[in-house]
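**Q** This is the structure I have questions about; it appears just below.
Residue numbers (the numbering used here): 667 to 800.
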């Protein structure tokens with residue numbers, strides 16, 4: 667049985683942008699990935715908790731970013747980007763390396779490097795602009 671959902675042109679445009687950012691060709695492909703959203707979220711939350719527990723004593727982001735849980739988050743690819751941005755919004759931490767590794771983007775101006783609050787704001791603004799966040 668087929669169902670029809672009516673959405674606004676604005677929402678459809680945002681979904682198209684989100685699909686493109688994830689390397690998909692259309693909204694239908696994006697919608698097909700949604701059944702995995704719960705599994706991705708659960709996996710992501712487990713990896714975040716593991717990473718934080720096992721690296722909280724390290725101050726060197728290089729060591730923290732090489733942790734297997736962090737690397738597995740990077741391995742989730744574009745599916746992790748909205749989750750990382752939500753995590754940055756909820757509890758700022760060193761997710762910038764992962765975001766850059768996945769997206770290739772670097773929205774933080776040179777003068778704001780090292781300023782956690784400014785770096786978070788730059789990434790959140792970037793994510794909002796590109797449709798990763800509502």
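We treat Cβ as the ideally placed atom computed from N, Cα and C, and that holds for glycine.
As the structure is a computational prediction, the values presented were derived from the model and not from experiment.
Under a three-way DSSP split, which group does residue 690 fall into?
**A** Taking the chain shown and counting its residues from 1, the one referred to as residue 690 is at position 24. Here residue 690 sits in coil by DSSP.
**Q** Report the CB separation of residue 770 from residue 687 in whole angstroms; it is logged as a contact under 8 Å.
**A** By 1-based counting over the chain shown, the position of residue 770 is 104. By 1-based counting over the chain shown, the position of residue 687 is 21. Incorrect: roughly 11 Å between the Cβ atoms, too far for contact.
**Q** Run through the region 738-772 for me and flag every whole alpha helix (DSSP H) of 4 or more residues, listed as ranges in chain order.
**A** Fully enclosed alpha helix (DSSP H) runs of 4 or longer: 747-756 and 762-769.
**Q** Looking only at its chain, what residues have a beta carbon closer than 6 Å to the beta carbon of residue 731, apart from the 5 residues adjacent to it on each side?
**A** If you number the chain shown from 1, residue 731 lands on position 65. Contacts found: 763.
**Q** Please find out if some non-hydrogen atom of the ligand COA comes closer than 7 Å to the beta-carbon of residue 728.
**A** No copy of the ligand COA occurs in the structure displayed, which carries no ligand at all.
**Q** Measure the C-alpha to C-alpha separation of residue 789 and residue 712 and round it to an integer number of angstroms.
**A** As a first step, residue 789 must be located in the chain shown, where it is residue number 123. As a first step, residue 712 must be located in the chain shown, where it is residue number 46. Whole-angstrom Cα-Cα distance: 23 Å.
**Q** State the Cα-Cα distance for the pair residue 759 and residue 677, rounded to the nearest angstrom.
**A** Locating residue 759 in the chain shown gives position 93, where the first residue counts as 1. Locating residue 677 in the chain shown gives position 11, where the first residue counts as 1. One C-alpha to the other measures close to 30 Å.
**Q** On the DSSP letters alone, give me the boundaries of the alpha helix (DSSP H) that residue 785 sits inside.
**A** Residue numbering aside, residue 785 sits at position 119 when the chain shown is read from its first letter. Here the alpha helix (DSSP H) through residue 785 covers 782-795.
**Q** Are residue 824 and residue 748 touching if we call contact CB-CB under 8 Å?
**A** What is shown of the chain runs 667 to 800, which leaves residue 824 out entirely.
**Q** Going by DSSP, what residue range makes up the alpha helix (DSSP H) through residue 779?
**A** The residue given as residue 779 occupies position 113 in the chain shown. Run containing residue 779: none; DSSP gives neither H nor E here.
**Q** Quick one, are the C-beta atoms of residue 683 and residue 696 less than 8 Å apart?
**A** The residue given as residue 683 occupies position 17 in the chain shown. The residue given as residue 696 occupies position 30 in the chain shown. For residue 683 and residue 696, no; Cβs fall outside 8 Å.
**Q** Just to check my reading of the structure: residue 740 and residue 767 have Cβ atoms closer than 8 Å, yes? What is that Cβ distance to the nearest angstrom?
**A** Stepping through the chain shown from its first residue, residue 740 is reached at position 74. Stepping through the chain shown from its first residue, residue 767 is reached at position 101. The Cβ separation is near 5 Å, so the contact holds.
**Q** Out of curiosity, what's the CA-to-CA distance linking residue 720 and residue 735?
**A** Counted from its first residue, the chain shown places residue 720 at position 54. Counted from its first residue, the chain shown places residue 735 at position 69. Whole-angstrom Cα-Cα distance: 9 Å.
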